[in-house]
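Heads up: the structure comes next, in structure tokens.
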Amino acid sequence: MVNYQHIKQEIGKMIDSKLWKVGQKLPSEYELAKYFNVSRETLRAAIKLLEQEGKLLVKHGTGTFVIKPLPVIPSRLEFLQSTGTMIKLAGLTEEDTRVMIGEVACAKEWADALHMEEGAGVVKLERIRYADGEAVAYSINVMPKQLVGDVFEGVDFSGSLFSFLEERCRIRIARADTELRVPLTNDPYVQRLQVDKVEETPVILMKQLHYDERNKEVLYSFDYLRNDVFSFWVRRERK
5 MVNYQHIKQE
15 IGKMIDSKLW
25 KVGQKLPSEY
35 ELAKYFNVSR
45 ETLRAAIKLL
55 EQEGKLLVKH
65 GTGTFVIKPL
75 PVIPSRLEFL
85 QSTGTMIKLA
95 GLTEEDTRVM
105 IGEVACAKEW
115 ADALHMEEGA
125 GVVKLERIRY
135 ADGEAVAYSI
145 NVMPKQLVGD
155 VFEGVDFSGS
165 LFSFLEERCR
175 IRIARADTEL
185 RVPLTNDPYV
195 QRLQVDKVEE
205 TPVILMKQLH
215 YDERNKEVLY
225 SFDYLRNDVF
235 SFWVRRERK
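Each residue of the sequence shown is one higher than the one before, counting from 5 in my numbering.
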């Protein structure tokens, strides 16, 4: 059975191939549903997705029109990506150096975020991340010990933490709440990313609480990112 995702792809191809040009009105809902041999509900769902992507404009009572597509935004905050992935997407070579990994007592801020007892065991991972050999990020990751157990012991861990947790702990990071801050210049982690002794290198702090597919808190992270390397965008829409 044909679903709305397939219809959305087919209409998208027609737009990309200039079968319908910018400003042109699409055939009626009835005609399109008949052409694709689907229900009008399925067609509406496909049109809705294309409208959300900025490819179509639906004017109720008038029709549906092809519009100029929006430009692609790099590093969109709506998309959850690891630091390593962002480095690779920028066309740079990613490397990391582990500063520390081990069990520590859960601090109050971490406990409040992860909904666990202060002082309980957590596994803390700190790394310096490199792009083409230059330090561009300092990452701190905190995970409940009861979730990850001893999987990091005896392992020379590096690379993607997301992939490691999924493969070794069956924990799939599905979403995250993200807060962007400008940290103080005397923050010790900011200092570790300074490359110019004369002028301060700007740094953004990304604090994130990560959830699994069941919306359980599984990872609390602090990523200090050099703002001369990383930039983040949000596409806002008027409602």
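Even glycine gets a Cβ: it sits at the ideal position worked out from N, Cα and C.
Predicted, not measured: the structure shown is a model, and the values here were computed from it.
Quiz prompt | Run of the alpha helix (DSSP H) containing R44, from where it starts to where it stops | solution = Here the question's residue 44 lines up with position 40 in the sequence shown. R44 to Q56 is the span of the alpha helix (DSSP H), which, as asked, contains R44.
Exercise. Could you name the residues of the same chain whose beta carbon sits closer than 7 Å to that of R179, not counting the 5 residues immediately before and after it, in chain order?
Key: Reading the sequence shown from its first residue, position 175 is the one you call residue 179. Same-chain partners within the cutoff: L84 and Y215.
Quiz item: Using a Cβ-Cβ cut-off of 7 Å (strictly less than) and excluding sequence neighbours within five positions of V103, which residues of its own chain qualify?
Solution: Start at 1 with the first residue of the sequence shown, and residue 103 comes out as number 99. If we look at V103 and ignore the five residues flanking it on each side, its Cβ neighbours are E130, R131 and I132.
Practice problem: Could you name the residues of the same chain whose beta carbon sits closer than 7 Å to that of L118, not counting the 5 residues immediately before and after it, in chain order? | Solution: As a working mapping, residue 118 is identified with position 114 in the sequence shown. Counting only residues of its own chain and dropping the five nearest sequence neighbours on each side, L118 has a CB closer than 7 Å to the CB of P148, E221 and Y224.
Quiz item: By how many angstroms is the C-alpha of I105 removed from the C-alpha of L159?
Solution: Taking the sequence shown and counting its residues from 1, the one referred to as residue 159 is at position 155. Taking the sequence shown and counting its residues from 1, the one referred to as residue 105 is at position 101. Strictly speaking, residue 159 in this sequence is Val, with Leu absent from that position. Going from the Cα of V159 to the Cα of I105 covers about 11 Å.
Exercise. Buried or exposed for K72, please, with buried defined as at least 16 other CB atoms from any protein chain shown within 10 angstroms of its CB.
Key: Sequence index remark: in the sequence shown, residue 72 carries index 68 (1-based). Under this definition K72 is an exposed residue.
Quiz prompt | Element boundaries [beta strand (DSSP E), containing A178] | solution = The residue you call residue 178 lines up with position 174 of the sequence shown. No beta strand (DSSP E) contains A178, which DSSP labels as neither H nor E.
Self-check item: Through-space distance from S164 to R176, alpha-carbon basis
Solution: To locate residue 176, count along the sequence shown from 1; it is residue 172. To locate residue 164, count along the sequence shown from 1; it is residue 160. About 12 Å.
Self-check item: F83 (DSSP reduced to helix, strand or coil)
Solution: As a first step, residue 83 must be located in the sequence shown, where it is residue number 79. Look at F83 here: in three-state DSSP terms it is coil, with no helix or strand label.
Quiz item: Is the segment 93-100 touching the segment 134-150 in the sense that three or more CB pairs, one from each, lie closer than 8 Å?
Solution: yes
Practice problem: Return the CA-CA distance between L61 and V26, expressed in angstroms with no decimal places. | Solution: Here residue 61 refers to the residue found at position 57 of the sequence shown. Here residue 26 refers to the residue found at position 22 of the sequence shown. Cα-Cα distance, rounded: 10 Å.
Practice problem: Drop a sphere of 10 angstroms on the beta-carbon of S167, count the other beta-carbons inside from all chains shown, and report buried for 16 or more, exposed for fewer. | Solution: Your numbering for residue 167 matches position 163 in the sequence shown. Classification of S167: exposed, given that the 10 Å Cβ count is below 16.
Exercise. Please classify G125: is it buried, with 16 or more other beta-carbons within 10 angstroms of its beta-carbon, or exposed?
Key: Position 121 of the sequence shown, counted from the start, is the residue given in the question as residue 125. Around the CB of G125, fewer than 16 other CB atoms lie within 10 Å, so the residue is classed as exposed.
Quiz item: R172: which of D181, E183, T182 and E157 sits nearest, CA to CA?
Solution: Taking the sequence shown and counting its residues from 1, the one referred to as residue 172 is at position 168. Cα-wise, what sits closest to R172 is E157.
Quiz item: Taking the Cβ atom as the reference point for each residue, do A4 and G88 lie within a distance shorter than 8 Å?
Solution: Nothing can be reported for residue 4: it is not among the residues displayed for the chain, which extend from 5 to 243.
Exercise. Indicate the three-state DSSP secondary structure (helix, strand or coil) for L96 in the structure shown.
Key: If you number the sequence shown from 1, residue 96 lands on position 92. The answer is coil: DSSP assigns L96 none of H, G, I, E or B.
Quiz item: How is H10 classed by DSSP in three states: helix, strand or coil?
Solution: Position 6 of the sequence shown, counted from the first residue, corresponds to residue 10. Here H10 sits in helix by DSSP.
Self-check item: Reference Y228; option with closest CA among F236, F234, L209 and S235
Solution: Position 224 of the sequence shown holds residue 228. Closest option to Y228, Cα to Cα, is L209.
Quiz item: Going along the chain, which unbroken runs of the alpha helix (DSSP H) with 4 or more residues stay wholly within the segment 169-238?
Solution: Restricted to the segment 169-238, the alpha helix (DSSP H) segments that are unbroken, complete and at least 4 residues in length are 192-195, listed in chain order.
Exercise. Report the rounded CA-to-CA distance for L93 versus G65, giving the unit in angstroms.
Key: Within the sequence shown, the letter at position 89 stands for residue 93. Within the sequence shown, the letter at position 61 stands for residue 65. C-alpha separation (whole angstroms): 43 Å.
Practice problem: Return helix, strand or coil for I144, following the three-state DSSP convention. | Solution: Position 140 of the sequence shown, counted from the start, is the residue given in the question as residue 144. Here I144 sits in strand by DSSP.
Exercise. Can you give me the Cβ contacts of K211 inside the same chain, cut-off strictly under 6 Å, excluding the 5 residues immediately before and after it?
Key: Residue numbering aside, residue 211 sits at position 207 when the sequence shown is read from its first letter. The answer, listed in chain order, is E183 and F226.
Quiz item: Could you give the distance in angstroms between the alpha-carbon of V186 and the alpha-carbon of R196?
Solution: Within the sequence shown, numbered from 1, the residue matching residue 186 stands at position 182. Within the sequence shown, numbered from 1, the residue matching residue 196 stands at position 192. Going by the C-alpha atoms only, they are around 15 Å apart.
Quiz prompt | Proximity of R230 and A111 at Cβ, strictly below 8 Å | solution = As a first step, residue 230 is located in the sequence shown; it is residue number 226 there, counting from the start. As a first step, residue 111 is located in the sequence shown; it is residue number 107 there, counting from the start. For R230 and A111, no; Cβs fall outside 8 Å.
Self-check item: Extent of the continuous beta strand (DSSP E) to which F40 belongs
Solution: Position 36 of the sequence shown, counting from 1, holds the residue named residue 40. Here F40 belongs to no beta strand (DSSP E); instead the alpha helix (DSSP H) covers E33 to F40.
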